[in-house]
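Numbering (UniProt numbering), first residue to last: 1 to 150. Note that beta-carbon positions come from the ideal geometry of N, C-alpha and C, so glycine has one too. Note that this is a predicted model, so its numbers are computed, not measured. Everything below concerns the one structure shown next.
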Amino acid sequence: MADELVNKSYQLRGVFSNFSATVSSDDAAFFRKTSEDIRKMGQQLKETSKQIKDNASKQQKVDSEKYKKDRKEMAALKKENFSLKRKVAELESENDIFFDDSLLSSQESYKPSTKATVASPEPETTGTVVVESPEPEAVVASPEPLKPDN
């Protein structure tokens, strides 16, 4: 469009040069000035559009490079996330096995006994009842002597 505007201003100038002899000097000056203004605006429009095109091209390159960089970074983060998830799963499975084994082994080593046994009575002694429990030395004594049944 800018090129068209510049070309039209030159065409108008050429046409005006053919009629300049028949037009008053004030009208000729105004027409020449208007033609020159049209040409300048066309050139400015052309320069501005070129700058915009160049800036758009540069920005596109920058955005493309940034996009590539972001994709690489995202791929690396996804890979790291995957490896961390795998590591967490491995550690959880190891910890589950560790805790399950330790609980089983601690339950096997702790076997409480609640059996009560009676000590054999002797004729003139007090009877003693012994209860086995996890606490050491748990002895229950009766206050009266046991008498043998006859």
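Given this structure, state the Cα-to-Cα distance separating residue i from residue j, to the nearest angstrom.
i: residue 84; j: residue 47; result: 54 angstroms
i: residue 138; j: residue 94; result: Because residue 138 sits at a pLDDT of 48, beneath the cut-off of 50, its placement in the model cannot be relied upon, and the point is left open.
i: residue 78; j: residue 66; result: 18 angstroms
i: residue 71; j: residue 82; result: 16 angstroms
i: residue 92; j: residue 86; result: 10 angstroms
i: residue 51; j: residue 89; result: 56 angstroms
i: residue 29; j: residue 22; result: 13 angstroms
i: residue 17; j: residue 26; result: 14 angstroms
i: residue 75; j: residue 8; result: 55 angstroms
Does the CB of residue i have a neighbour CB from chain C at under 9 angstroms?
i: residue 50; result: Judged by its chain identifiers, the structure shown contains no chain C, having just a single protein chain.
Please name the residue in the options whose C-alpha comes closest to that of residue i.
i: residue 3; options: 45, 24, 29, 17; result: 45
i: residue 160; options: 51, 43, 70; result: Nothing can be reported for residue 160, as the shown portion of the chain is limited to 1 through 150.
For the structure I just gave you, are there three or more beta carbon pairs, one from the segment 30-37 and one from the segment 55-67, closer than 8 angstroms? Here the segment 30-37 does not lie against the segment 55-67, with fewer than 3 beta-carbon pairs under 8 angstroms apart.
Hey, is the segment 6-26 in contact with the segment 36-52, meaning 3+ C-beta pairs nearer than 8 angstroms? Enough Cβ pairs lie closer than 8 angstroms, so yes.
Runs of alpha helix (DSSP H) lying entirely within the UniProt region "Disordered" (44-67), each at least 4 residues, in chain order: Counting whole runs of 4 or more residues, the UniProt region "Disordered" (44-67) contains no alpha helix (DSSP H) stretch at all.
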